[in-house]
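Report on one structure; see the data block that follows.
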Amino acid sequence: MRVLVTGATGYIGGRLVPALLETGHEVRCLTRDPKKLSQDPWRDRVEVVAADVLEPGSLAAAMEGCDAGYYLVHSMDGGDEDFRERDRRAAVNFRDAAAASGMRRIVYLGGLGAGEDLSRHLASRQEVGAVLAAGATPVTEIRAAVIIGSGSVSFEMMRYLTEVLPVMITPKWVRTRCQPIAIRNVLEILIAALDDAEDVDRVWEVGGPDRLTYEEMMRIYAEEAGLRRRVIIPVPVLSPQLSRHWIGLVTPLPTGVAKPLVNSLRNEVTVRDNSIAARLADDLVPFRDAVRRALRHSVDRDVATRWSDAAASPAEARPSDPDWAGGTLYVDDRRVRTDAPPEDVFWAFARIGGDAGYYTFDWAWKLRGMLDKAVGGVGLRRGRRHPEELRPGEALDFWRVAAVDAGRRLQLWAEMKLPGEAWLEFEAVPEARGTELRQIAYFKPRGLAGRLYWLALVPFHTVIFELMARRIARVAERRRDLAGHGRV
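Under numbering that gives the first Met the number 0, residues 0 to 487 are what the sequence shown spells out, in order.
What follows is the structure in structure tokens.
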């Protein structure tokens, strides 16, 4: 079939696309920003169209000629009170455009849960399924609970909670039952849904072979990770608000993402009839095996997609945009000349962050990350997907990759809590005898607080940014020298 995939820059969509290609389907990816897919290894094998599910006029061309469409779009920002209305509107637009195009089926990945006490986010996920099914195009809604795979939001939350805290004073939700499912099985079921030729709507509840409490899941993770036995003490007095701040501090999840997750943890999410998953998946992976595989991929740096890569705001303005003309824009511009070639200079600055750090005063960057987490920001714990490779749109510590031109340029947009907007840009400019490294920090202040913030940091920037640029140049020269001796 020719298949349309929304959310191709997200955790599920980024893994579903290559799986569809392997099974022989033609894939068209719908994204607001096609540049975010430019570095994916399968980019040359798919068609990419720029469209937005919130802009109905952009959807007709995206859907033209498609037999089926995957709807993998939902909001996860707990600080946004309008997310339900926005998700409802997006679903209506997609549903109506699918009917107008003659699409034969919509496949939607929703969330498990039953009863009237569902969290706002779980209720919204199921409402989206109902909105899609109210149209003329048949809908297969696949409801899953916790998805376990390297880089998934559920796996990362469990991972950090268990590794960081040997003793946990936890809310009652650790005793809530869940039916986790491996990402491999989710992809198999999503692809199998395309073979449904009947003109009917379906809701499939799917889960793995195990029903576990969150406490049991964390204990199994500790065993597989080789950690000492964790002491978990549930108490009834921890409020959801306190829980999400606690998760926001300990894990890579910002408070806005932790909020909907924590609120959903009170709901038991188990499958009443798991025959669909057992029939459509090749072999349902036990939870322990799924954790073991996810850990192996994380250690081997073989993480195809991460939850944080789908969290970027759409079309963030950049300091090179015409809109900045005439506005206040503070700039810290550093230039260093080196006889290392441009490719080595690019390699040096493109490995910034994560385990490699920031070339100078790493303790100061870590402190900045801790302060950011304390006020509900993302902090440094997101790390990076790969120690050297970067893709547009993916997360890197408390930055987002705004642009990357392989071998030449990298621009990072700050997602930390700031009284303004900030970018950090690197460029390797070829010269007759080597390279000029251009390292530029931009800051667009917001009000008086933004201006005072920048002025207060000027002395620190003078030292930190100057040393950073010089050490990046030295690392590039060292790599050149090692290559000359055949050691790279």
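Think of the CB as a built atom: it goes at the ideal place given N, C-alpha and C, for glycine as much as any other residue.
Fair warning: this is a prediction, and the values are worked out from it, not measured in the lab.
Q.
Using a Cβ-Cβ cutoff of less than 8 Å, which residues in the same chain neighbour P40 once the five nearest sequence positions on both sides are dropped?
A. P17
(Q) With a threshold of 7 Å (Cβ to nearest heavy atom), would E424 be considered close to the ligand COA? (A) In the structure on display, the ligand COA does not appear, and there are no ligands present to speak of.
Q. Grouping DSSP H, G and I as helix and E and B as strand, with all else coil, what is T175?
A. coil
Q: Can you grab the Cα-Cα spacing for the pair A59 / P444, in whole Å?
A: 39 Å
Q.
Quick test of the definition: if touching needs 3 or more C-beta pairs under 8 Å, does the stretch 127-137 touch the stretch 84-92?
A. yes
Q: With a 10 Å radius around its C-beta and 16 neighbouring C-beta atoms as the bar for buried, classify G109 as buried or exposed.
A: buried
**Q.** Of the listed residues P233, R104, G207, nearest to V145 (C-alpha basis)
**A.** G207
Q. Counting along the chain, where does the alpha helix (DSSP H) carrying V344 start and finish?
A. 341-349
**Q.** Neighbourhood of V173 by C-beta, 7 Å cutoff - its chain only, sequence neighbours within 5 removed
**A.** T212, Y213, E214, I231, P233
(Q) Closest to V202 by C-alpha separation, out of A468, E63, W422, I105, would be which residue? (A) I105
Q | Buried/exposed call for F348, threshold 16 Cβ in 10 Å | A | buried
Q. CA-CA distance, A316 and D272?
A. In this prediction, A316 scores a pLDDT of 47, lower than 50, which makes its location untrustworthy; no coordinate-derived value is stated.
**Q.** Unbroken beta strand (DSSP E) run spanning M167, endpoints
**A.** 166-169
Q) Nearest CA to the CA of E162: which residue from I219, G378, G449? A) I219
Q: Return helix, strand or coil for P233, following the three-state DSSP convention.
A: strand
Q.
DSSP three-state label for L131, please.
A. helix
Q. Hey, how far is the Cα of R384 from the Cα of D66?
A. 33 Å
(Q) Pull the bridge partners of P429 from the DSSP assignment, please. (A) T434
Q: Taking the CB atoms as reference points, tell me whether T488 and Q178 lie closer together than 8 Å.
A: There is simply no residue 488 to check, as the chain begins at 0 and stops at 487 in what is shown.
Q: For E54, count neighbouring Cβ atoms within 10 angstroms of its own Cβ and tell me buried if that reaches 16, exposed if not.
A: exposed
Q: Tell me, please, whether the stretch 446-456 touches the stretch 471-483 by the rule of three or more beta-carbon pairs shorter than 8 Å.
A: no
Q: Alpha carbon to alpha carbon, how far is R44 from L20? Give it in angstroms, no decimals.
A: 8 Å
Q. Where does A143 fall in DSSP's three states?
A. strand
Q: Ignore the nearest five residues each way along the sequence and tell me which others in I190's own chain have a CB closer than 7 Å to its CB.
A: A18, L19, T22
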